[in-house]
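Residue numbers (my numbering): 4 to 926.
Structure record follows, encoded as structure tokens.
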């Protein structure tokens, strides 16, 4: 290469010395030796590829080892990978141009410049980033240039680089760049690598003069539109498996900011934005810290996956956290500490890009049509505020800051007018949060403003989200700060703790506005009748405030609420109610989903805990909002039916007396309902049907199931198995009813048959008639949590029949299906097994809380059956990767398991079955 075409010097501050990464001179010497005596181009290229692969692997190893020792050194790492790529590209050019296609005296039309574009041009390379190249020629491509480019690309492809390339003249670059913003953006970051330097310099000048100049507005508009559509695709900032590159608050947001800054202000580095007044020094430091962190995460993600990968899946989160040196801390896993830091940086990116882009939008986005500006009514704002570009702004910063309460008032004014907050006002808030001290927090006016934001304007979600994003919520409520961006490492929660809290508040406001009356009739009617809104909103805001510590978050949260509520101005009685709601905010959900609410004892125990209808009303609404706030698909008809039934039964018990809750009353009502439903049956047949079942059968099933079983029992023949599959739309499940002669282990066989067809059991009831028949009812859902489609029922029935007839052994058939997905293996779910003899009058309740997998219920039921345990019914509650299987059981003599020794023996057997299943799933 000539002096004019020399390779760029090594970048400064790389993670390891340049000579350890790649030695170009050594490559030339070794390549010269390797190709001696060879004339065949394919063989010469093969020698070059073999040598480059070896040197590439050595360079990668050196960088990866240095990065493992300094896992946060993002900039030195990206420079090192860029340097390695530069050397590989220029070596390929050397092979192609100097060895394979040498030309002693190239003509002026045979000049060629190799230019890096896109992220590679910017000098930001992750371990497996794409290599985007522009081959620039002065005129139409010559045959010699085509040969050089082709040979060069084959070398790069053979060493497994993912190369994107284009061959163009300057004129073509300008034309295509004017038509396509993606091409224009890539060329914005062009960087000369090798070849004709003068040609590359001319391109840079022409781009700035003929393409970029005067087109700032359209470029900004295009990038803003691109950003908006990307965010719609990727979802919210707090998606629990975020995309580091494309997600909200990710690297692409920072890159968009840089592209626009370079295009509009002609800056080369983000640090220059401080000098021209776009960022303050503090804001830029936040920008740089977030950028370094995200690049470090992306690089570790590539290295762990050994390929380009941008999605921080659950399994990768654990590996990246370990690679970056995070450790378990104060009851939280290392991965949770890591992800909280990730989301805090993503929030910082969001804040900075919003400030920057909003300022640019004001300067560069097209103005509204003049008629709209004339006829649109300008919002009226209170004294001290002004409207700038349809955003609420502050007239006089000094006057505004003279009263710290103004920092809170701004949010109220924004909510009252429905306007967005101007970025300059956002900056003012963020840089003066220290003004919100204990004295301000305890003023009646601060409390009034805060509760008006929650209760008065009808959109508390918007107020809380704005306050949270700008740090005001944590400033006003310091106890909230630890849960900001706090991730809960499980598959159940779709949001961070702070976002979950805001989602809960959003649901409560929607119910209040009557938007969910059809979906949530009970919660809607409770709010229509009237509750203490201040108590309810306060309890919902604080219900998870204790998360992230080793202690039970409900107990710790209740202690914290006892101190926070008076500071917010609540009286003693309301404070006690808030404290109780936070302490027991999971009680109704647990009772409904983990216990048999058809058992009178369940309702009686719950009613005793709640004590008053007022508390029941508040807890019911809080429970509904809490479940709905977990994730977009968590609430379903099954949970709705359970919560609704528990609420109505408990309310009736509290209003009419607990003594009304008994089996006899329920049994008599159920039999009366059956007689009415089967009015056309002969009296003798009805008497036979009502007399053949024991009491538990009558209290637990709806009359529709009683009717189905009555008809099946009347028609069943000896040794016949009858199956009825019926969509239960009210519960988002398919009800499967079985009638057959009783024999040991029938519950386990049914559970195995259902697991084989991929059915998730959400509830199961098993009853034996006085004449020795089994009447079992299961409620099942498909893998997506929906009732089975009618077209799938015949196959479902056939598989169940074959299993029950013994043609298929469920345990053997399940081996291939009983697997845990790779991305879900990182979750830790300890097994807890409890025995409860007080929760039911006639059964021992065994609760198994463990890791979910397809064959778990079958394994547990088979273990209990082999120990001669009679299963009356099972309640299954699933929370992502965690499941709670609750069994109502008796021993072979019809007695409870009171003996501690028998309980320990059963627990050992259940744990052994779980451990065996886990091993099987791993294999």
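Even for Gly, the Cβ is constructed at its ideal location relative to N, Cα and C.
In this text, all values refer to a predicted model and were calculated from it rather than measured experimentally.
(message) So if DSSP puts residue 769 in a beta bridge, which residue, or which two residues, is it bridged to?
(response) Taking the chain shown and counting its residues from 1, the one referred to as residue 769 is at position 766. Bridge pairing for residue 769: 779 [DSSP].
(message) Taking the alpha carbon of residue 695 as the reference point, which residue from 776, 647 and 703 has its own alpha carbon closest?
(response) Here residue 695 refers to the residue found at position 692 of the chain shown. The residue with the shortest Cα to Cα distance from residue 695 is 776.
(request) Can you tell me which of 435, 401 and 397 puts its alpha carbon nearest to the alpha carbon of residue 413? (result) Stepping through the chain shown from its first residue, residue 413 is reached at position 410. If we check each option's Cα against that of residue 413, 397 comes out closest.
(message) Distance check for residue 455 and residue 386, CA to CA, integer angstroms please.
(response) Within the chain shown, the letter at position 383 stands for residue 386. Within the chain shown, the letter at position 452 stands for residue 455. In this structure, the alpha-carbon of residue 386 lies about 19 Å from that of residue 455.
(request) Run the proximity test for residue 673: is its beta-carbon closer than 7 Å to any non-hydrogen atom belonging to the ligand GDP? (result) Annotation note on the ligand GDP: not contained in the displayed structure, which lists no ligands.
(message) Which residue marks the beginning of the beta strand (DSSP E) containing residue 285, and which one marks its end?
(response) Walking along the chain shown from the start, residue 285 turns up at place 282. Bounds of any beta strand (DSSP E) do not take in residue 285; it lies within the alpha helix (DSSP H) bounded by 284 to 308.
(message) Quick check: what's the CA-CA separation for residue 715 versus residue 740?
(response) Within the chain shown, residue 715 is the residue found at index 712, counting from 1. Within the chain shown, residue 740 is the residue found at index 737, counting from 1. Straight-line measurement puts the Cα of residue 740 at about 9 Å from the Cα of residue 715.
(request) Under 8 Å Cβ to Cβ from residue 133, same chain only, skipping five residues before and after it: list those, please. (result) The residue given as residue 133 occupies position 130 in the chain shown. Hits under 8 Å: 121, 122, 123, 165, 166, 167 and 311.
(message) Can you tell me which residues form a DSSP beta bridge with residue 730?
(response) Here residue 730 corresponds to residue number 727 of the chain shown, with the count starting at 1. Partner(s): 737.
(message) The alpha helix (DSSP H) that contains residue 918, what's its start and end?
(response) Your numbering for residue 918 matches position 915 in the chain shown. Per DSSP, residue 918 belongs to the alpha helix (DSSP H) from 903 to 925.
(request) Would you check if the distance between the CB atom of residue 306 and the CB atom of residue 247 is smaller than 8 Å? (result) Taking the chain shown and counting its residues from 1, one reaches residue 306 at position 303. Taking the chain shown and counting its residues from 1, one reaches residue 247 at position 244. Residue 247 sits away from residue 306, with the two beta carbons spaced by 8 Å or more.
(message) Using the three-state DSSP reduction, which class does residue 784 fall into: helix, strand or coil?
(response) Start at 1 with the first residue of the chain shown, and residue 784 comes out as number 781. Three-state result, residue 784: strand.
(request) Identify every residue that forms a DSSP beta bridge with residue 743. (result) Working through the chain shown from its first residue, we reach residue 743 at position 740. Answer is 777.
(request) Could you name the residues of the same chain whose beta carbon sits closer than 7 Å to that of residue 870, not counting the 5 residues immediately before and after it, in chain order? (result) Taking the chain shown and counting its residues from 1, one reaches residue 870 at position 867. Around residue 870: 909 and 912.
(message) So if DSSP puts residue 725 in a beta bridge, which residue, or which two residues, is it bridged to?
(response) Start at 1 with the first residue of the chain shown, and residue 725 comes out as number 722. 742, per the DSSP bridge assignment.
(request) Could you have a look at residue 499 and say whether DSSP puts it in helix, strand or coil? (result) Taking the chain shown and counting its residues from 1, one reaches residue 499 at position 496. Residue 499 carries a coil assignment under DSSP once its states are collapsed to helix, strand and coil.
(message) Measuring only the C-alpha atoms, how far is residue 443 from residue 437?
(response) Numbered from its first residue, the chain shown carries residue 443 at position 440. Numbered from its first residue, the chain shown carries residue 437 at position 434. Cα to Cα, the separation comes out at about 11 Å.
(request) Look at residue 281 and residue 293 and say whether their C-beta atoms are less than 8 Å apart. (result) As a position in the chain shown, residue 281 is number 278, starting the count at 1. As a position in the chain shown, residue 293 is number 290, starting the count at 1. Cβ distance not < 8 Å, so residue 281 and residue 293 don't count as in contact.
(request) Taking only the alpha-carbon atoms, compute the straight-line gap between residue 256 and residue 236 and give it to the nearest angstrom. (result) Mapped onto the chain shown, residue 256 falls at position 253. Mapped onto the chain shown, residue 236 falls at position 233. C-alpha separation (whole angstroms): 14 Å.
(request) Drop a sphere of 10 angstroms on the beta-carbon of residue 477, count the other beta-carbons inside from all chains shown, and report buried for 16 or more, exposed for fewer. (result) The residue given as residue 477 occupies position 474 in the chain shown. Taking a 10 Å sphere around the C-beta of residue 477, we find 16 or more other C-beta atoms and assign the residue as buried.
(message) Less than 8 Å between the C-beta atoms of residue 408 and residue 452, yes or no?
(response) Translated into the one-based positions of the chain shown, residue 408 becomes position 405. Translated into the one-based positions of the chain shown, residue 452 becomes position 449. Here residue 408 is near residue 452, since their CB atoms are less than 8 Å apart.
(message) On a Cα-Cα basis, can you pick out the residue from 903, 746, 857 and 653 that is closest to residue 847?
(response) Along the chain shown, one-based indexing puts residue 847 at 844. When each option's Cα is compared against that of residue 847, the closest is 903.
(message) For residue 658, count the other beta carbons within 10 Å of its own beta carbon; 16 or more makes it buried, fewer makes it exposed. Which is it?
(response) As a position in the chain shown, residue 658 is number 655, starting the count at 1. Exposed.
(message) Please state the DSSP three-state secondary structure of residue 761.
(response) Sequence index remark: in the chain shown, residue 761 carries index 758 (1-based). Here residue 761 carries a coil assignment [DSSP, helix/strand/coil].
(request) Whole angstroms is fine: what's the gap from residue 26's alpha carbon to residue 203's? (result) Counted from its first residue, the chain shown places residue 26 at position 23. Counted from its first residue, the chain shown places residue 203 at position 200. Distance between the alpha carbons of residue 26 and residue 203: 25 Å.
(request) Round the Cβ separation of residue 475 and residue 432 to the nearest angstrom and send it over; I've been treating them as touching at under 8 Å. (result) The residue given as residue 475 occupies position 472 in the chain shown. The residue given as residue 432 occupies position 429 in the chain shown. The Cβ separation is near 6 Å, so the contact holds.
(message) Below 8 Å, how does it come out for the region 70 to 85 and the region 169 to 188: are there three or more Cβ pairs, yes or no?
(response) They do not touch, by the three-pair rule.
(request) Have a look at 763, 759 and 766 and flag the residue whose alpha-carbon is nearest the alpha-carbon of residue 801. (result) Walking along the chain shown from the start, residue 801 turns up at place 798. Ranking the options by Cα distance to residue 801, first place goes to 759.
(request) Compare the C-alpha of residue 733 against each of 647, 671 and 808 and name the closest. (result) In the chain shown, residue 733 corresponds to position 730, counting from 1. Ranking 647, 671 and 808 by Cα distance to residue 733 puts 647 first.
(request) Might you give, ordered along the chain, the residues of its own chain that have their beta carbon closer than 6 Å to the beta carbon of residue 5, omitting 5 neighbours on each side? (result) As a working mapping, residue 5 is identified with position 2 in the chain shown. Here the model assigns residue 5 a pLDDT of 48, short of 50, so the residue's position is not dependable and the matter cannot be decided.
(request) My understanding is that residue 1 touches residue 195, with C-beta atoms under 8 Å, so please give their C-beta distance in whole angstroms. (result) It is not possible to answer for residue 1, since the shown part of the chain is limited to 4 through 926.
(request) Excluding the 5 residues preceding and the 5 following residue 90 in the sequence, name in chain order all residues of the same chain whose CB lies nearer than 6 Å to its CB. (result) Here the question's residue 90 lines up with position 87 in the chain shown. Shown here for residue 90: same chain residues with a beta carbon closer than 6 Å to its own, the five before and five after excluded, namely 25 and 27 in chain order.
(request) Taking 8 Å as the cut-off, decide whether the C-beta atoms of residue 654 and residue 625 are in contact. (result) Your numbering for residue 654 matches position 651 in the chain shown. Your numbering for residue 625 matches position 622 in the chain shown. At a Cβ-Cβ threshold of 8 Å, residue 654 and residue 625 do not count as neighbours.
(message) Using CA atoms only, rank isn't needed, just tell me which of 209, 642 and 836 is closest to residue 915.
(response) Counting from 1 along the chain shown, the entry for residue 915 is found at position 912. Residue 836 is the option with its Cα nearest to residue 915.
(request) Let me know the secondary structure DSSP gives residue 376 once reduced to three states. (result) Walking along the chain shown from the start, residue 376 turns up at place 373. Unreliable positioning characterises residue 376 in this predicted model, as indicated by a pLDDT of 47, which lies under 50. The coordinate reading is nonetheless provided below. Correct three-state label for residue 376: helix.
(message) Considering Cα atoms alone, identify which of 492, 303, 217 and 261 is closest to residue 335.
(response) Numbered from 1 along the chain shown, position 332 holds the residue referred to as residue 335. Checked all of 492, 303, 217 and 261; the closest Cα to residue 335 is 492.
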